[in-house]
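Chemist: In my numbering, the protein residues as written are 571 to 705. For every residue, glycine included, the Cβ atom is placed at its ideal position computed from N, Cα and C. Dumping the structure here so I can ask a few things about it.
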Amino acid sequence: EIDVLFARFQKGVALIKGDPSLFRGKLYMSVKDVNPNDQKGVVDEFTAKFQKLLDVNKDRNFLVDMYSGKLQINCSPPLGTKNYFQSLMGGQNSIKSLCGVETAGFRSGKTFLYSIRLVLEKIAILGWTPLDCAT
């Protein structure tokens, strides 16, 4: 199931390549409903799968093309537990750490909205040309 997800990401690289304003941040993956005793194993499994992806696609892979190779994996304990809410705070802190970083986002909400609409429109019409060809 994870391999299929990564393959879909890999196919999507062609859609956004050429637009330096998209996906310049970090890929933040949150795996839900993980018991605290299993968190290390889950992170190790995801790390191994990403390493395999990088080994197979050395020249072009979505993690490098879309996220500059930056990855953070978070395991969320089962919903409603105290640890679950603490893991949400960890995600919030990751987002806050990107705020105010000039290279990590868009200059305004309007610019972001325009870009995300363009991406969604291209997906809806199956327009697989790079975004720099859309204007």
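Going along the chain, which residues of its own chain have a beta-carbon closer than 8 Å to the beta-carbon of residue 597, five neighbours each way excluded?
Modeler: Numbered from 1 along the sequence shown, position 27 holds the residue referred to as residue 597. Answer for residue 597: 633, 636, 637, 640, 641, 642, listed in chain order.
Chemist: Hey, out of 644, 578, 624, 625, whose CA is closest to residue 600's CA?
Modeler: What you label residue 600 is simply residue 30 of the sequence shown in a count that begins at 1. Among 644, 578, 624, 625, the Cα nearest to that of residue 600 belongs to 644.
Chemist: Which residues bound the alpha helix (DSSP H) around residue 604?
Modeler: Against the sequence shown, residue 604 aligns to sequence position 34. Counting along the chain, residue 604 falls outside any alpha helix (DSSP H), and DSSP gives it neither H nor E.
Chemist: If you reduce the DSSP assignment to three classes, tell me which class residue 597 lands in.
Modeler: In the sequence shown, the residue the question calls residue 597 occupies position 27. The answer is strand: DSSP assigns residue 597 an E or B state.
Chemist: For residue 664, which residues of its own chain have a beta-carbon under 7 Å away from its beta-carbon, when the five flanking residues on both sides are left out?
Modeler: On the sequence shown, position 94 is the one that residue 664 refers to. For residue 664, where only same-chain residues beyond five positions count, the Cβ hits under 7 Å are 598, 642.
Chemist: Assign residue 689 to one of two classes, buried (16 or more other C-beta atoms within 10 Å of its C-beta) or exposed (fewer than that).
Modeler: Here residue 689 refers to the residue found at position 119 when the sequence shown is read from its first residue. Classification of residue 689: buried, given that the 10 Å Cβ count is 16 or more.
Chemist: Going straight from the alpha carbon of residue 622 to that of residue 693, what length do you get?
Modeler: Here residue 622 refers to the residue found at position 52 when the sequence shown is read from its first residue. Here residue 693 refers to the residue found at position 123 when the sequence shown is read from its first residue. Each residue's alpha carbon lies about 27 Å from the other.
Chemist: What would DSSP say about residue 695, mapped onto helix, strand or coil?
Modeler: On the sequence shown, residue 695 is found 125 positions in, with the first residue counted as 1. Coil at residue 695, not helix or strand.
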